[in-house]
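Undergrad: Read in order, the letters of the sequence shown are residues 1 to 66 in the UniProt record's numbering. Cβ coordinates follow ideal geometry from the N, Cα and C atoms, glycine included. None of the values given here were measured: they were computed from a predicted structure. Quick one: the structure is below, and I'll ask about it shortly.
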Amino acid sequence: MGLRIELDESKCSGLGLCEAEAPELFEVRDDGSLDILDATPSDEHRAACEAAIASCPTEALRLVES
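Here it is in C-alpha cells:
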C-alpha cells in the first residue's frame, strides 16, 4: 500500500506547522503557499507525515492510503 498527501489549497493558511513537523515533506514558499516536497512518501516517513497533518489547524492536509 502506498501513501499520498493531499492538500486543500483553499484551507491552507501557510502557517508552516507541517513544515516544522516534517521539513523533508513540506515547505512554505515565500508567497505563503505550501509546497509538498514528496506527495507520495515512503512508510519510513509515515509518523512525521501523520504528525504534520495533525498539526495543521485548518485541516488542509490529509493522508490517503492507496
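For the candidate residues Leu61, Gly2, Ser13, whose alpha-carbon lies nearest to that of Ala22?
TA: Comparing Cα-Cα distances from Ala22 to each of Leu61, Gly2, Ser13, the minimum goes to Leu61.
Undergrad: Distance check for Arg29 and Leu3, CA to CA, integer angstroms please.
TA: The straight-line gap from Cα to Cα measures roughly 23 angstroms.
Undergrad: Here's a check: name, in chain order, each residue in its chain whose Cβ is nearer than 8 angstroms to the Cβ of Ile36, leaving out the five neighbours to either side.
TA: Within the same chain, Ile36 has close Cβ partners Ile5, Leu7, Leu25, Phe26.
Undergrad: Are Thr40 and Cys12 touching if we call contact CB-CB under 8 angstroms?
TA: Cβ atoms of Thr40 and Cys12: not closer than 8 angstroms.
Undergrad: Which class does Glu9 belong to by DSSP, given the choice of helix, strand or coil?
TA: Reduced to three states, the DSSP call for Glu9 is coil.
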